[in-house]
Amino acid sequence: LDKAEMRAGFIANKEFRDMLQLMNMDMGDLDELFNALDVDRSGEIDYAEFVEQMHKMKSLDIKTTEFIVKRTVVDVSVRLAKLEDTLRPLLAGDVRVRVGGQERLGE
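Count along the sequence shown from 1, then add 1; that gives the number in our numbering.
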């Protein structure tokens, strides 16, 4: 199951949608949910991952929130680190950038 299939399942499968809505999740929460369920970071959730993680989430509401928040914070931290690595040369003035059709050193 990948993210697109999860979204399609939410739309097409009432039982799946109802289950998630019981946990106060809607279509806007699916990306975070997918990232939380994809514990091996493969970009896909296999049946065992899905069942195990959903069981944990369904049975522990407070822990569920904590789990999703923790995973989201980790994901944001990784993305920020990558962005920082990308921007560091620009901020140091080591890269030429094109602004208004003119090339100049990054400032």
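Note that beta-carbon positions come from the ideal geometry of N, C-alpha and C, so glycine has one too.
Query                                                                                                                                                     : Result
Using the beta-carbon count (16 or more within 10 Å), is Ile63 buried or exposed?                                                                         : exposed
For the structure I just gave you, are there three or more beta carbon pairs, one from the stretch 82–94 and one from the stretch 38–58, closer than 8 Å? : no
Expressed to the nearest angstrom, what Euclidean distance is found between the alpha-carbon atoms of Glu108 and Leu38?                                   : In this prediction, Glu108 scores a pLDDT of 48, lower than 50, which makes its location untrustworthy; the coordinate-derived value is nonetheless stated afterwards. Going by the C-alpha atoms only, they are around 41 Å apart.
At the 8 Å Cβ level, is Ile46 part of the contact set with chain B, yes or no?                                                                            : Judged by its chain identifiers, the structure shown contains no chain B, having just a single protein chain.
I'd like to know whether the C-beta atoms of Phe11 and Met28 end up nearer to each other than 8 Å.                                                        : yes
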